[in-house]
Amino acid sequence: MSGLALSGAGGDIVATAGWRISQPLWFLGVYILCSAFVPLMVKLHERAPRLTLLGLGFGIASVDALRLATGIDAIGFANLLFVWLAVQQLGFWLADGRTPSRRTTWLAVAGIIALIAFGASPANLFEALNPPTAALALLGVVQFALFAALRPKLAGWAEQPAVRRLSDALNGHAMTIYSWHMPVVVLLAGCYLWLERRCRSRSARSGG
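The UniProt record's numbering puts the first residue of the sequence shown at 1, with every later residue one more than the last.
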C-alpha cells in the first residue's frame, strides 16, 4: 500500500487495494471457528445427524428471515456460523458414505431458485457470501450430490501418478497460495496502472 501511495496512485485506488488484499482473510476466521466446533458437531452428528442438520437449517432460515424483515444486513452475518457449520455437516455425511437422493437434490435446486425469485438471495451467489444466505447452504447440498456422483471417477483419476504428485504439491502449499494470491493480484494491477500511466505520459509528450 505504501508503494502504491508513493507512486502517486489515487486514494481510492489505495483504499480499494488494501481492502482487496485483506478480503480473503475472512475465510481463515470461519475456518478456525468451524474447526473449533468439530468435537461438538461430530458428537451431535453421531447422535442425531438429521436433527442436527435440520436444526442448523432452522437457524439459517431464522437469520435470513430476521434480516429481511428488519432490513439490517448485519444480522445476516450470524449465518457465518450456521451456514458453514451446515456445510461441515455435509462433510460428515460424506464421510459416512451417505449421499442426498435425487429428490433432495432437486428440492435444493428449487429452493435456490425460489429464494432468488422472491428476493431472499441475490442471483449472483458470490454476492450471497456476504452475508451468507440459505441459498449457499442449499448450493452445498447440490455440490455434495454432484461430488458424490463423480467421486468414483475422480478417485480413479486421482490415483494416476502424475495427478497425485501435482495434487500433493498443491495441497502442501494450499494455504500459502490462498493467503498470498490477492497481494500478487494487487501487485500486478499496480504494475499495469503504472505502465498505463507511463504510456499515456509518453503519448502526451509525443503529441505535444
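Don't be surprised by glycine CBs; every beta carbon is placed ideally from N, CA and C.
The C-beta distance from L66 to I75 rounds to 5 angstroms, short enough to fall under 8 angstroms.
Restricted to the stretch 94 to 137, the alpha helix (DSSP H) segments that are unbroken, complete and at least 4 residues in length are 102 to 117, listed in chain order. Around the Cβ of D64, a 10 Å sphere holds 16 or more other Cβ atoms; the residue is buried.
The alpha-carbon of L195 is positioned some 26 angstroms away from that of I177. If you check the CB distance, T133 and S121 come in under 8 angstroms. Shown here, G71 sits in coil according to DSSP, grouped into three states, outside any helix or strand. Secondary structure note for A169: its alpha helix (DSSP H) is the uninterrupted segment 161 to 172.
Rounded to the nearest angstrom, the Cβ distance from F77 to P131 is 5 angstroms, consistent with a contact under 8 angstroms. Per DSSP, F27 is one residue of the alpha helix (DSSP H) stretching across 26 to 36.
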